[in-house]
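Each residue of the sequence shown is one higher than the one before, counting from 8 in the numbering used here.
Don't be surprised by glycine CBs; every beta carbon is placed ideally from N, CA and C.
Comments concern the structure below.
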Amino acid sequence: MNRKDALRNLVVLPALAGLVAATTTIAQAKGPKSQFKYQDKPNGNQQCSECSLFVPGTSASAAGTCKVVEGEISPSGWCTAYSPKA
Ligand code: SF4
């Protein structure tokens, strides 16, 4: 690698690292209920309380939150991002 290539890498690599960090942040951002077709009732035997992305509230029947959907989430709700607990 010559001096010119080394200097180019000094500029390009940090820029790429920043791009990856920004992309990761976007991927982790929550989306609105409408984006995931959220509903307050189960879809068959699938519901938020059985989803790995659900963050429970203060009791089993209390509303909680979700790692990908914005707002208050019912434990008996459901959306298209449903991901069953392992
Ligand atoms: S991803 Fe969907 S189904 Fe799972 S907890 Fe969040 S809102 Fe409920």
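Taking Ala88 as the centre and dropping the five residues before and after it, the same chain places the C-beta of Phe43 and Val75 closer than 6 Å to its C-beta, in chain order. DSSP, reduced to helix, strand and coil, places Cys86 outside both helices and strands of the structure shown, so it counts as coil. Note that the C-beta distance between Pro82 and Ser59 is not below 8 Å.
Under the DSSP definition of a beta bridge, Pro91 partners with Cys58. Across the set Cys73, Tyr45 and Ile80, the C-alpha of Cys73 shows the shortest separation from the C-alpha of Ala36.
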